[in-house]
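Letter by letter, the sequence shown follows residues 11 to 330 of this note's numbering. Each residue gets a CB set at the ideal place from its N, CA and C atoms; glycine is no exception. Keep in mind that this is a model prediction, so the values were computed, not measured. Notes follow once the structure below has been shown.
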Amino acid sequence: MADKQQLIDMGFAPERVDWALRATRGKGIQEAMDHLVEHSEEPVPPAEEQAQGADAAGEDEGLARIGDTANSIKCTECGKQFRNQAYAQFHAEKSGHTDFEESTEEIKPLTEEERKARLDEMRSKLAEKRAKQALLDKEEARANELIRRKAGKETLDAREELKRKEAEKDAARKLQEKMADIAAKERVRAQIEADKHERAEKVRLEKLKREGKLDETAPVSALAAAPSVPRASGAGANAKESRLRVRLNTGEMWSGSLDADSGTLRDVEQKVIADGKSQGPKLELSTTFPRRIFTEEEKGRTLRELGLVPNAALEASATQ
């Protein structure tokens, strides 16, 4: 454990220290350092392979002839020399080389100066490698941050676009409601004005009748001169329905709505009779302002064609 900690304190990675100690079978810090220096450029093999490399010395066919008295082991295929069988076995597994021979040439241990120079070189390479890795990590972090910001901006833009569309829909809905409200108020105002003129005209006619001043043409001329009900423009003129109010000469009242383009005056007549407002089979329908009596032929025309849109007040009396 002391050798391991000392090597770690020198700057070697713990996994490489473990590999070196296992490969040299704990022979000492010198052998471990030599292993670290010689294999500094190689990746650390898995623990299973490390154990196999340390335990299988002498089992390979190419290593079978190597004796215990050899000063070194040489790979005849590539010419590399190794300090012991463990290193040679590891080389055989990694390179696939099988032809080894013992050598009387001794691998001289590094001097203190050589070891120090080698360590300085390794530390310099390690520092350079770490600096490159730090730069790569920084670039990767920057790229990830740009991706995150872009994704966040796209999400924010999508939310803003959704809010904008919702606001436009809400504004259009409110405008439509406002226009419909204005049109409805205009229809009510026009109807009130028509009712006011109608009542005033009836009072005038009744007064003339009581005074004996009423002739047959007076109501027609007077009513013709009375102001007509204003026709709604814009949204009112394009209304889909017509709201109708029918006053019978019996005092009964009927009101309802019909489709402006498919409903006819005959439909109105039938609805009034169906509701029990009149006992006669037919009705004479007319408007008060201006005075107009609708013919049987006109009863077959639509309410829009007769100018009874968006609303109208009619007079009715039963006929045979």
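Opening and closing residue of the alpha helix (DSSP H) in which residue i lies
i: E154; result: What sits at residue 154 in the sequence shown is Asn, not Glu. Per DSSP, N154 belongs to the alpha helix (DSSP H) from E122 to R220.
i: V27; result: P24 to A33
i: I18; result: A12 to D19
i: Q40; result: I39 to E48
Proximity of residue i and residue j at Cβ, strictly below 8 Å
i: L275; j: K250; result: no
i: S113; j: K84; result: yes
i: L318; j: S252; result: yes
i: N81; j: E122; result: no
i: R128; j: V54; result: no
i: P320; j: R197; result: yes
i: A96; j: T34; result: yes
i: A328; j: S288; result: yes
i: A284; j: L313; result: no
i: L258; j: A322; result: no
i: G290; j: Q330; result: yes
i: K169; j: G21; result: According to the sequence shown, residue 169 is Arg rather than Lys. No.
i: E138; j: D109; result: no
Counterpart residues of residue i in DSSP-defined beta bridges
i: V256; result: W264 and L324
i: T3; result: Since the first and last residues shown for the chain are 11 and 330, residue 3 lies out of range.
i: C85; result: F110
i: R93; result: Answer is none; R93 lacks a bridge partner.
i: T305; result: Paired residues: none, contrary to the question.
i: E251; result: D269
Unbroken beta strand (DSSP E) run spanning residue i, endpoints
i: L295; result: K292 to T297
Rounded Cβ spacing between residue i and residue j (contact assumed at less than 8 Å)
i: T297; j: L324; result: 6 Å
i: G315; j: L295; result: Going by the sequence as given, residue 315 is Glu instead of Gly. Their Cβ separation, rounded to whole angstroms, is 15 Å, which puts E315 and L295 out of contact at 8 Å.
beta-carbon residue i near the ligand SAH non-hydrogen atom, thresh 7 Å
i: E221; result: Questions concerning the ligand SAH fall outside what the structure shown contains, since it holds no ligand whatsoever.
Kindly confirm or deny that the segment 12-19 and the segment 37-48 touch, where touching means at least three C-beta pairs closer than 8 Å.
The answer is yes - the segment 37-48 touches the segment 12-19, with three or more Cβ pairs under 8 Å.
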